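Structure record follows, encoded as C-alpha cells.
4 protein chains.
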Amino acid sequence: MDDGMSADGTSTTKKPGRKNDPEGTKQDILDVATEEFSSLGFAGGRVDAIAARTRTTKRMIYYYFGSKEDLYLAVLEKAYGDIRAIENNLNLQDQEPERAIRSLIEFTFDYQEQHEDFIRLVSIENIHRAQHMKDSKVIRNLNVAVIDTLAKILERGRAEGVFRADIQPIDLHMMISAFCFFRVSNRHTFNLIFHQDLSAPDTRARHKRMIGDAIISLLKGEPQHRQDS
Amino acid sequence: MDDGMSADGTSTTKKPGRKNDPEGTKQDILDVATEEFSSLGFAGGRVDAIAARTRTTKRMIYYYFGSKEDLYLAVLEKAYGDIRAIENNLNLQDQEPERAIRSLIEFTFDYQEQHEDFIRLVSIENIHRAQHMKDSKVIRNLNVAVIDTLAKILERGRAEGVFRADIQPIDLHMMISAFCFFRVSNRHTFNLIFHQDLSAPDTRARHKRMIGDAIISLLKGEPQHRQDS
Amino acid sequence: MDDGMSADGTSTTKKPGRKNDPEGTKQDILDVATEEFSSLGFAGGRVDAIAARTRTTKRMIYYYFGSKEDLYLAVLEKAYGDIRAIENNLNLQDQEPERAIRSLIEFTFDYQEQHEDFIRLVSIENIHRAQHMKDSKVIRNLNVAVIDTLAKILERGRAEGVFRADIQPIDLHMMISAFCFFRVSNRHTFNLIFHQDLSAPDTRARHKRMIGDAIISLLKGEPQHRQDS
Amino acid sequence: MDDGMSADGTSTTKKPGRKNDPEGTKQDILDVATEEFSSLGFAGGRVDAIAARTRTTKRMIYYYFGSKEDLYLAVLEKAYGDIRAIENNLNLQDQEPERAIRSLIEFTFDYQEQHEDFIRLVSIENIHRAQHMKDSKVIRNLNVAVIDTLAKILERGRAEGVFRADIQPIDLHMMISAFCFFRVSNRHTFNLIFHQDLSAPDTRARHKRMIGDAIISLLKGEPQHRQDS
DNA sequence: AATGAATGAGCTTTCATTCAT
DNA sequence: AATGAATGAAAGCTCATTCAT
C-alpha cells in the first residue's frame, strides 16, 4: 500500500515527479494518454492506467484536463496538429508534376507507416462517428493545405499535358490516403486472414511502388469506359 | 420498482419473448449484439444494453454465449461468414477479364457501402489487434476464394495480352479493399475535415468509377518507372 | 455447445450414463459430491461442477436429492455411516486392556489418516456449527459403540489393576480423536508454519507411537498433582 | 428506494461513519470481516454483508483491501499476528520444567478456548489447503518462538533428570495444540454425536487437567514398549 | 496552484433452482 | 420416472469522478 497505488489499483500517493512545471506535466500526461487511448480505444483506455504511467497522479489529470473525454480530445488534437504541421511544410511545387505526386504519395505512405498511433486514433474516432472531433474547434480550424497542394500539382500537370484525367484533388487525396491508411489500420485482420505480413520490408516496398503506379497511370491514362451500376 | 427495471437499469422482469425457440433467441441476441458492438466497440458495448433490446434477459446471453467476449466473437464470426459466403458464390469466370475485374470491384464497393456494421466491426477488431479473431477457429477456417478468383482473372488477362502488369492477386485485393473500406470506415473524420459527404450519391458514383479506372489502368498500363525510396 | 455444457458452464445435455439404474446414478452423484464438498466446502462446492463430473445431469441431482443442502447432508450421512459401521465391528474384547487400547488408537490413527475426505467433511460441518447435522435423523440415530467399547476396556483394565487413572471413556476418546484428527485436518497450516511434513512416513510412525505412549502412560500413571487454574 | 438499499440489497447511501480516519476505517472493516469469514468461511462470507455492518461502504473495502481474497488474508494475518505476539511474550524460563510445561498447556488451552474466531479461521484455511497463507509473506515471516521455548524447557527437564522421554519439541507442541484446538474446532459435531457439552465449565476444567496429566506423564514416564504397525 | 482521500453508480458474471413436459 | 431449457437474484469488482482542504 506504499507503492503509490491503493489496493484497488487507484493511483494516489505522491510521486517525486516534476513539480512547478505545469507544461512538462501536461505533456507527460498527454504522451501517456496518447499511448493508452491509441492502444485501447476511448472506452477501453483507463484513467487509472494513464495516471500510473505518469509522473503525476490521477488527480492532476482532472486538474489539468477536466475529464477523460477532454483528455482524449487533447490527444486527438495533438495528433492532428502534428500531421497538419508537417503537411503544410511540404514543398512540392519545385518538382515536376509526376515527381511531385510521387513525392506526396511517398510522404503519405511513410508517415502513416511510422505513425501507427495516429492511424489508430483516427480509426477509434471514426468508431465514435467523430463525435469528439465535432466539438473541437482546434481540429475544425486546422488548415488542410494538402488539398491545395494537390490541386496546384494537378493543374500544372494538366497545363503541361501530362495529366489528362479529370480527377478532383480531394478524390485523389482520398485514394492515396485509403491505401496508405488501410495497410496500417487493417493489418491485423488482413495478416490473419490472408496469412500475410503487411509490415514486411519487401511487401512495404512493393506496395509503395504499386500505389504510386496506380495513381500515376490513373492520372496519365485515357478516361476509361464508364458504365454506371 | 414496477417499471421492470431494477435500480441499476438492469431489466429483470419477464418478457413475453419467444420461448422454446433457442435458435430464434440466439439469433435475436446476435442481431442486437451486432448493432451494439458495431456501434460502440467491444469495451463500449454493454451486455445490459444488449439484453434490454432483446426478447430475452441478460441471463440468457450468458446461457447461450458464455461471456461478453464470446458473444462479441460470435458477432464477428457471423459477419465474416456472411461476406465469405457471398464472395465464394461470385461467378466471374464467364466474363472477360477487364469486365470481371470491374464486376469484382463493383461488388466490393457496394457490399462495403451497404454493410457499415461489418466495416465497423473489422475496424474495432483491428483496434484490438485481432486478438479475438486469433482465437477463432471459425474465422481461421473460412475459405477466402476471392484471392483465387482474382488470380484466375489476372491469368486469363495476361494470357489474352490485356493485362501486362505483374501485379499479385493479394496486393490487388488489398488495393480494392482499401479504397472501398476507407470510404466507409473513415467517412466521419474525412467528412468533418474536408467538408465532404462521402455518402452522397454523386460522390459515391464518382468514386466507384475512379477506383475501377485506377485498377484497370494499373493492370493495363506499362510498368512505370520505379525508384526505391 | 455440443459438449453437454451450455456456454455458461451449466451442464445440460444428455449423457450416455446408465439409465434405469436409479441406485447406481444416486451413488455416482454421491461419490462425486463427496469429493466436491470435501474439497471445497459446502459454500464453495458447485452443483454444476458435481453434475459435470457425473454420468447424469444437474437436473437429476435435484430430482434425486432435492437441493444442494440435502445432497450435502446425504454425503455427510454416508461418511458418518461408514466409520460407525467399521467402529461397531471392532472386536477388542479378546485383547488384554493395554493392547486393546493400543489397537483402538492404531485403528483410529490409520482410519483418519486414510480418510481425509471424512476429516474434511467433519471440519466443514463444524464451520457450519453442525447446523446440517442437527436436521439429520440418520446421524442422530447412529449408534456410537466406540464409547461402550472403551468403557469396557477401561473397566477390565481397572479390574486387573493395570489402569489406575480415573479417566472417562468419552474424554479418552476425545483425546485420541483430537490427536489423530488434528494431524490430518490441520496439516496444511501446520506444515507451512513449522516447516514440517505431517504426511511423511517417519513422522507418521513417530506420532503413532507418541499418542499411544501418552494415552497408556496417562492410564497407567499415578494421578498427577492437580491444581485448578 | 429511500431505504438506503438498492434493489439487490447492496447498501448505497452515505453513512455517517468516520471520515479521514483511514486506520480506524480499515480496523473497522477488518473486525467485521473477521466475524464474517470466521463465521461463514471464505466462500460463504459476503462482501456486501461485511460492508453492511461497517461504517463505510463496499467500495471502501475494495479501496483499502483490493479484493475479497486480500481482505480474507488480512484477517488471517491479523489473527496469526495476535497469537504469535502473545506467545512470544510468554516467560516460562523462570519456572521449573514441569510447572513451565503445565503453564504453557494452560495458556494454550485458555487462549484457544477464548479465541474461537481464530480456531475457526485456521480450520477454514485448512479446508483451503492453506492456499491463501502460502501467498502471505506476513505469516511466513512470523516468528514462532513457542518451539524454542518448549525446547529449552525440555532440555532443562532432561538436565534435571525430571524428563526422561525423548520427545521432540514440535511433536509435543502438536499434541498440546491438537487437544486444545479440537475441543473448540470440533465441539459442534462432538456435542451432537456424544450428547456432550464441551463448553461446560466442569468439562473444561477436567479436560484442562487431563491434557496436562497426559503430557506430564508422557514426559516423565519410561519409554513404552514400541511395536510398529 | 495543487492534491490525498474517498465514492456513487454500474459492470460482468455466477449460482442454485424451477418451468414445462 | 425422468429431463432439456430456462432463469431471478445476487455476487464480486471496476470506473470516472468529486470532496475537502
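Protein chains in written order, with the UniProt record's numbering: chain B, 1 to 229; chain G, 1 to 229; chain F, 1 to 229; chain S, 1 to 229. Even for Gly, the Cβ is constructed at its ideal location relative to N, Cα and C. Everything numeric in this text was worked out from a predicted model, so none of it was measured.
Asked: Within-7 Å CB hit, G/H188 to chain B; Found: yes
Asked: Rounded straight-line distance, which links the Cα of B/H207 to that of G/K220; Found: 18 Å
Asked: Limits of the alpha helix (DSSP H) - the one that B/V144 falls within; Found: Looking at the DSSP string, B/V144 is not in any alpha helix (DSSP H), and its letter there is neither H nor E.
Asked: Interface flag, F/A49 vs chain S, CB-CB below 7 Å; Found: no
Asked: C-beta neighbour in chain S for F/V146, strict 7 Å; Found: no
Asked: Contained alpha helix (DSSP H) runs [length at least 4] in the region 104-145 of chain G, N- to C-terminal order; Found: 116-127, 131-134, 137-140
Asked: Beta-carbon neighbours of B/K134, restricted to chain G and to distances below 8 Å; Found: L192
Asked: Proximity below 7 Å, CB of B/K26 to CB of B/Y80; Found: no
Asked: Within-7 Å CB hit, B/G41 to chain G; Found: yes
Asked: The region 49-69 of chain G touching the region 85-100 of chain G, judged by at least three CB pairs closer than 8 Å; Found: no
Asked: Chain-ordered chain F contacts of S/F179 [CB-CB under 9 Å]; Found: M174, M175, A178, F179, F182
Asked: Short CB-CB distance (under 7 Å) between B/S217 and chain G; Found: yes
Asked: Test item: CB-CB of F/L218 and S/S67 under 7 Å; Found: no
Asked: Contacts around G/C180, its chain only, beta-carbon distance under 6 Å, and the 5 residues preceding and following it disregarded; Found: T108, F109, Q112
Asked: Cβ-based burial, F/Q227 [other Cβ within 10 Å; buried from 16]; Found: With a pLDDT of 44 at F/Q227, under the threshold of 50, the modelled position of this residue cannot be trusted, and the question is left open.
Asked: Proximity winner among G/L172, G/M210, G/A145, relative to G/N88 (alpha-carbon distances); Found: G/A145
Asked: Classification of B/R186 by the beta-carbon crowding that lies within 10 angstroms, buried from 16 upward; Found: Sequence check: residue 186 of chain B is Asn here, not Arg. Answer is buried; the Cβ neighbour count reaches 16.
Asked: Sequence-distant residues of its chain with Cβ nearer than 8 Å to G/R120 (five each side left out); Found: S38, S39, S185
Asked: Residues of the region 101-133 of chain B whose Cβ lies closer than 7 Å to any Cβ of chain G, in chain order; Found: E106, R120, V122, S123, I124, E125, N126, I127, R129, A130, M133
Asked: Cα-Cα separation, G/R164 to B/N141; Found: 46 Å
Asked: Alpha helix (DSSP H) runs contained entirely in the UniProt domain "HTH tetR-type" (23-83) of chain S, provided each spans 4 or more residues; Found: 47-52, 58-65
Asked: Proximity below 7 Å, CB of B/G44 to CB of G/A205; Found: no
Asked: Test: G/S199 CB closer than 7 Å to a CB of chain B; Found: no
Asked: Residue-chain proximity (F/R226, chain S), Cβ-Cβ < 7 Å; Found: The predicted model places F/R226 with a pLDDT of 45, which falls under 50 and marks its position as unreliable, so this point remains unresolved.
Asked: Short CB-CB distance (under 7 Å) between B/A214 and chain G; Found: yes
Asked: Length of the line joining the Cα atoms of F/R129 and S/I176; Found: 23 Å
Asked: Identity of the residue in S/R84, S/D21, S/E98, S/S136 nearest S/L73 by Cα; Found: S/S136
Asked: Unbroken stretches of the alpha helix (DSSP H), 4 residues or longer, contained in the region 161-228 of chain F; Found: 169-185, 187-194, 201-220
Asked: Whole-angstrom C-beta distance between F/H132 and F/E125, which should lie under 8 Å; Found: 6 Å
Asked: Nearest-angstrom beta carbon gap, B/G212 and B/R102 [assumed within contact, 8 Å]; Found: 5 Å
Asked: Contacting residues, own chain, Cβ-Cβ under 6 Å from G/E69 (five flanking each side not counted); Found: none
Asked: Neighbour-count burial assignment, B/P201, 16 or more Cβ in a 10 Å radius; Found: exposed
Asked: Distance between beta carbons of F/F190 and S/M174, contact taken as under 8 Å; Found: 7 Å
Asked: 9 Å Cβ cut-off: residues of chain S touching F/S67; Found: Ordered by position in chain S, no residue passes the 9 Å Cβ test against F/S67, which lies about 16 Å from the chain.
Asked: Classification of S/I86 by the beta-carbon crowding that lies within 10 angstroms, buried from 16 upward; Found: exposed
Asked: Any chain B beta carbon closer than 7 Å to G/D171; Found: yes
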